[in-house]
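A short write-up of the structure that comes next.
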Amino acid sequence: ATVILLVALLAGPARASPSLISPARLLVIAPHPDDETLAAGGLIYSASKQGAKVKVVFITMGDGYHLAASALRDIACPSPDDFLALGNHRRKEGIAALAALGVSDRDVVFLGYPDRGLANIIDNWHWSPDEPYTSAHTGRSSNPYPSTFTPGAQYCVSQIVSDLVGILNDYMPDMVILPHPNDTHDDHHATYA
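In this text, residue positions in the sequence shown follow the working numbering: the first is 6, and each later residue adds one.
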């Protein structure tokens, strides 16, 4: 399971200080569908039950896991379309899991960046739309999913940052939950970064 780190309490001067027990506006940023539940499911559930607003942002669709794509389609060698089908499947699973924790599907945001590609985007200088990363699984260099925050977004750091800044400015959370900076999974560490 992912270890989650409380990164920031973003209470402004006009707001009361939130606590870990009862944030008013909780934002969970997860690398893949399932990380939010495994690492912060109890907090999400408690906050929802106490009347807090909870929003969950998934950086990827979870579309880069070979064994899951193979099992979903009952094939040995998944194609790019099979990985895309996995991403759509994991989106539905994420929404269902969060509904069980009290989060409305209106408060679940998928960004659609490449699973198992986030660290490569950051570490290998895919900073601008002029030089996007290409997913080894889906073969895409931009977000192919229509039901995401920015459909068609290029796989680059500037676009990821733009999406996150837009979400933060719009939502104004008083607590943000992210993966721990020492998490050894590349996508988890890149999400923290």
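Just so it is clear, CB atoms sit at the ideal spot from N, CA and C, and this is done for glycine as well.
* Under three-state DSSP, which class holds residue 108? -> Numbered from 1 along the sequence shown, position 103 holds the residue referred to as residue 108. In the structure shown, residue 108 sits in coil (DSSP, three-state: anything other than H, G, I, E or B).
* Asked: Taking the alpha carbon of residue 193 as the point to measure from, which residue in 56, 67, 51, 54 has its own alpha carbon closest?
  -> What you label residue 193 is simply residue 188 of the sequence shown in a count that begins at 1. Nearest of 56, 67, 51, 54 to residue 193, Cα basis: 67.
* Asked: If you count every other CB in all the chains shown that lies within 10 Å of the CB of residue 196, and 16 or more means buried, which is it?
  -> Stepping through the sequence shown from its first residue, residue 196 is reached at position 191. Residue environment analysis places residue 196 among the buried positions, since at least 16 neighbouring C-beta atoms fall within 10 angstroms of its C-beta.
* **8 Å Cβ shell around residue 210 - same chain, five flanking residues per side excluded** => Residue 210 lies beyond the range of the chain shown here (6 to 198); nothing can be said about it.
* Asked: In terms of alpha-carbon separation, which member of 49, 85, 121 lies closest to residue 29?
  -> As a position in the sequence shown, residue 29 is number 24, starting the count at 1. Comparing Cα positions, the closest option is 49.
* Asked: Nearest to residue 152 by alpha carbon, out of 100, 42, 181?
  -> As a first step, residue 152 must be located in the sequence shown, where it is residue number 147. Taking only the C-alpha atoms, the option nearest residue 152 is 100.
* Asked: Should residue 120 go down as buried or exposed, given a rule of 16 or more other Cβ atoms within 10 Å for buried?
  -> Here residue 120 refers to the residue found at position 115 when the sequence shown is read from its first residue. By the 16-neighbour rule on beta-carbons within 10 angstroms, residue 120 is buried.
* Verify whether the separation of the beta carbon atoms of residue 77 and residue 87 is less than 9 Å. => Translated into positions along the sequence shown, residue 77 becomes position 72. Translated into positions along the sequence shown, residue 87 becomes position 82. For residue 77 and residue 87, yes; Cβs fall inside 9 Å.
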